[in-house]
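Engineer: Take a look at this one; I'll ask things after.
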Ligand SMILES: Cc1cc2nc3c(=O)[nH]c(=O)nc-3n(C[C@H](O)[C@H](O)[C@H](O)COP(=O)(O)O)c2cc1C
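Numbering (the numbering used here), first residue to last: 1409 to 1625.
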């Protein structure tokens, strides 16, 4: 990787920067640099439905991308070079899903859902999650998750050579746990207690150190 250090710029703090040309990095190296520095990432625990039944899996290439209508994205990699993950296959068959924000107490159950299981394995059962029927989509929602967003697929966009598939979803119903949203729609972060993802397969963060800044006009 050192061969990629082809120019040096000095930052205000006096430290040099290292520049990398993605064209000279392997897929793995690109992944390491991006997932190590674009942090913390929110985690969507996603339920879908396919011919083999209910599926649940976590995704941290995930964010809100618009409102009116409320729209989120998640990006799903391949299993190896050719095999699509169950979530993507299900979304092509039944273009509806539920995104759940994971409370830090559910971190181990969430991680269980990330295992590589055959399509007929229902990860919500494996992880001991109780599910409820959704209101507007067919996949069920996980009762214990503090925020649940029912979505319909708007678009599935292949990204890159070993493609990721970016899924754009429109939120058609939102559910929050009791006492999480105030009268004027402030979300109580202590009660939401969302888990964030850092680099690697085992590295997470919680929101225990928050800052406030004076607002600008
Ligand atoms: C916290 C966390 C975040 C993850 N984020 C992603 C992601 O953004 N994209 C992805 O393709 N896989 C991601 N994974 C891996 C998938 O969850 C894993 O491949 C899972 O087995 C996919 O399940 P499925 O085949 O049932 O869809 C993540 C795993 C964990 C534990």
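Where a beta carbon is used, it is the ideal one built from N, C-alpha and C, also for glycine.
Tell me the DSSP secondary structure of residue 1558 in three-state form.
Structural biologist: Note: residue 1558 maps to strand in three-state DSSP.
Engineer: In this structure, does DSSP put residue 1599 in helix, strand or coil?
Structural biologist: Note: residue 1599 maps to helix in three-state DSSP.
Engineer: With the cut-off set at 7 Å, would you say residue 1561 and residue 1503 are in Cβ contact?
Structural biologist: Yes, these two residues count as a Cβ contact at 7 Å.
Engineer: So residue 1466 packs on residue 1452, CB below 8 Å; how close in whole Å?
Structural biologist: Confirmed, about 7 Å.
Engineer: Counting only C-beta atoms, is residue 1439 closer than 7 Å to chain D at any point?
Structural biologist: No chain D appears in this structure, which consists of one protein chain only.
Engineer: Please tell me whether, using a cut-off of 6 Å, the distance from the CB of residue 1519 to the nearest non-hydrogen atom of ligand 1 is below it.
Structural biologist: Under cutoff, so the answer is yes.
Engineer: Suppose you measure from the CA of residue 1544 to the CA of residue 1589; what does that come to, to the nearest Å?
Structural biologist: Taking the straight line joining both Cα atoms gives about 21 Å.
Engineer: Take the Cβ of residue 1573 as the centre, count every other Cβ of all protein chains shown within 10 Å, and call the residue buried at 16 or more, exposed below.
Structural biologist: Buried, because 16 or more other Cβ atoms sit within 10 Å of the Cβ of residue 1573.
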